[in-house]
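All residue numbers for the sequence shown refer to the numbering used here, where the first residue is 175 and numbers rise by one. This report concerns only the one structure given below.
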Amino acid sequence: MKAQRIDGQTPGGKRTRLADVLPLSTPFSVQIFPVYGCNLACAYCIHSVPTEQRGFVAGKVMLDYALYQKCIDGLMEFPHPLKMLRFAGTGEPLLHPRIADMVAYAAERGAADTIDIVTNGLA
């Protein structure tokens, strides 16, 4: 038996035509990479490769907090907040000593509707 909608709506409900909203006046989402470094060495990740073969991600490279503030201040020049600000990257965001300050800075300024962190949960 195949399920069918009988109310005349598309599965996603009422949709906005993409052509009506592009180009966007504000980016939908931005990803910040606060640290290139990790506390794990998962087999599928660059951090499992020997240090001498990793290039610029060989050490724990931290995003400078002043540069981070400049990035967030720049995002505030858009007419609307981002839908999402995500802390992720090639590494573990929670290893950055100022990650709480970073989240607070973006939240206090209303930079995004949602702020999330992609983490391994072990930092």
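Just so you know, even glycine gets a beta-carbon here, dropped at the ideal spot from N, CA and C.
Proximity to residue i [Cα-Cα], best of the options
i, options, result
"Gly211", "Ser203, Lys234 and Phe202", "Lys234"
"Ala262", "Pro253, Phe252, Ala240 and Met236", "Met236"
"Leu241", "Thr200, Phe207 and Phe252", "Phe207"
"Asp238", "Val209, Arg283, Ala281 and Asp194", "Val209"
"Tyr218", "Thr288, Glu226, Asp287 and Thr264", "Thr264"
Strand pairing of residue i, partner residues [DSSP]
i, result
"Arg260", "Gln205 and Asp290"
"Tyr239", "None, per the DSSP bridge assignment."
"Tyr210", "Val235"
Contacts around residue i, its chain only, beta-carbon distance under 6 Å, and the 5 residues preceding and following it disregarded
i, result
"Leu268", "Thr293 and Ala297"
"Asp290", "Arg260"
Residues of its chain near residue i, where Cβ-Cβ distance is below 7 Å and the 5 sequence neighbours each way are ignored
i, result
"Ala285", "Ile246, Leu249, Met250, Pro255, Leu256 and Leu259"
"Asn213", "Glu266, Leu269, Leu296 and Ala297"
"Leu196", "none"
"Arg283", "Ile246 and Met250"
"Gln243", "Tyr279"
Spatial neighbours of residue i in its chain, beta-carbon cut-off 8 Å, leaving aside the 5 residues before and after
i, result
"Pro271", "Met236"
"Ser199", "Phe252, Pro253 and His254"
"Asp287", "Pro255, Leu256, Lys257 and Met258"
"Ala281", "Ile289"
Sufficient close CB pairs (3 or more, under 8 Å) joining the region 274-286 to the region 210-224:
Segments in contact, no.
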